[in-house]
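From first to last, the protein sequence lines are chains B and P. Heads up: the first sequence runs through residues 35 to 191, numbered per the numbering used here. Heads up: the second sequence runs through residues 35 to 191, numbered per the numbering used here. Some notes on the structure that comes next.
Number of protein chains: 2
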Amino acid sequence: MDLRTSALLRDLIGNQRVAHLATLRGGAPMASMTLYRAQPDFSALWLHVSRLAWHTQDMAQDAHVALSIAEPDDGRADPFTLRRVTLRGKALNLPNESPEHAGLKASWLERFPEQAVNFELADFSFWRIVPRDARFVAGFGQIHNLSAAELSRIAAP
Amino acid sequence: MDLRTSALLRDLIGNQRVAHLATLRGGAPMASMTLYRAQPDFSALWLHVSRLAWHTQDMAQDAHVALSIAEPDDGRADPFTLRRVTLRGKALNLPNESPEHAGLKASWLERFPEQAVNFELADFSFWRIVPRDARFVAGFGQIHNLSAAELSRIAAP
Chain B
35 MDLRTSALLR DLIGNQRVAH LATLRGGAPM ASMTLYRAQP DFSALWLHVS RLAWHTQDMA
95 QDAHVALSIA EPDDGRADPF TLRRVTLRGK ALNLPNESPE HAGLKASWLE RFPEQAVNFE
155 LADFSFWRIV PRDARFVAGF GQIHNLSAAE LSRIAAP
Chain P
35 MDLRTSALLR DLIGNQRVAH LATLRGGAPM ASMTLYRAQP DFSALWLHVS RLAWHTQDMA
95 QDAHVALSIA EPDDGRADPF TLRRVTLRGK ALNLPNESPE HAGLKASWLE RFPEQAVNFE
155 LADFSFWRIV PRDARFVAGF GQIHNLSAAE LSRIAAP
């Protein structure tokens, strides 16, 4: 993957705020919108979700997940040219008592200041999505498959 | 669901162009962006995809799918307020020789005029997603579950 394509993928994962999370629910695929923040080295994508949410129940049952992140539809003539990436991996809950929690909370609130209220609720916690691979569609027919190691290499500019 | 909420869901499904499709791939969930167009009575959502695409291969293996459709992120302070809906259902391929194909093609090209080239390619065809249910998140804590019958009732204004 050339430097320009790497930069496009880094911008997409690093700067979007919304992902669509695929989980297994009763043996069938489920998809739902969620907010995320990527670890700067792309070793993890973080979700902050309620255990009352369906996708959280799903992740607790089966850790396999996929995240689909796309440029928002800006009304362009051909939305098929929107750049998008799928990250497949496993989800792990991070207990709120973990030492990493305070730093993650600060980072989360920097991006999502309106979400402060959720940190007052006992049912919210962070989930770490550890990517196994990524599939980047940079445009029509421009598909790039990356391993987790390749993903981490493009993370740092 | 009150009239205003019904209208919001009708607008969301009817007017967005991009969905994130969850499929089963090797027993694990997969998610990828795709374009869609809803049948006016919401009895189906149509995809026009290549059989070379992973999600098409997945649907051919296991018909269970979910579509997640959301308002595009407009940079608002709290993206958690973006309206989104998940439709779960089954996917059925429509052979290009079917009598419905011409009408669907016209409707597809009306919305996606730049996609005409894909109708020249033998590997593209329509897939009908028949929804079994819908889960509409109209805002924080405003979750509405609808059966397929309830979904069809809100389709017609």
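C-beta: ideal position from N, C-alpha, C; glycine also.
Work out the CA separation of residue j and residue i for me, nearest whole Å.
i	j	result
B/P63	P/P74	25 Å
P/K139	P/V83	12 Å
P/A182	B/E134	43 Å
B/F146	B/T68	12 Å
B/R71	P/R85	33 Å
P/L128	P/I163	10 Å
P/R44	P/I188	7 Å
P/N152	P/L143	10 Å
P/S141	B/L155	46 Å
P/G60	B/R59	15 Å
B/M35	P/P106	28 Å
B/R166	P/R38	42 Å
B/Q176	P/Q50	24 Å
B/G137	B/E184	26 Å
P/L46	B/L46	24 Å
P/V171	P/H178	6 Å
B/A87	P/A87	30 Å
To which residues does DSSP link residue i through a beta bridge?
i	result
P/Q176	P/G173
P/G123	P/V99, P/P165
B/V52	B/L69
B/L143	DSSP output for B/L143 lists no bridge partner at all.
P/T57	P/M64
P/L128	P/F160
P/A136	Partner(s): none; P/A136 has no beta bridge.
B/S40	In DSSP, B/S40 forms no bridge with anything.
B/A104	B/R118
B/W80	B/R71, B/R162
B/S181	B/D167
Could you check which residue in the options has the C-alpha nearest to that of residue i?
i	options	result
B/A190	B/A41, B/D36, B/M35	B/A41
P/G48	P/S77, P/D36, P/H98	P/S77
B/H54	B/F158, B/R44, B/L121	B/L121
B/S132	B/H89, B/W161, B/N152	B/W161
P/L79	P/D107, P/S102, P/Q149	P/S102
B/R110	P/L180, P/A56, P/V52, P/L58	P/V52
P/F174	P/D112, P/A94, P/R38, P/Q95	P/D112
P/L81	P/L180, P/A172, P/N130, P/N179	P/N130
P/E148	B/H89, B/S66, B/S186, B/F114	B/F114
P/D157	P/A136, P/S186, P/Q91, P/L185	P/Q91
B/S159	B/L46, B/A65, B/H89	B/H89
Residues in the same chain with beta-carbon distance under 6 Å from residue i, minus the five sequence neighbours each way, listed in chain order, please.
i	result
B/A97	K124, A125
P/A104	L116, R118
P/L180	A168
B/A65	H54, A56
B/Q95	none
Would residue i pass as an interface residue toward chain D - the criterion being a Cβ-Cβ separation below 8 Å?
i	result
P/L116	The structure shown contains no chain D; its protein chains are B and P.
Given residue i, which residues of its chain have a CB within under 8 Å of its CB, disregarding the five upstream and five downstream residues?
i	result
P/L93	The residue you asked about is not Leu; residue 93 of chain P is Met in the sequence shown. T57, V99, A125, N127, W161, listed in sequence order.
P/A150	L143
Within the same chain, show all residues whose beta-carbon is closer than 7 Å to that of residue i, passing over the 5 residues directly before and after it, in chain order.
i	result
P/S186	D75, F76, S77
B/D108	none
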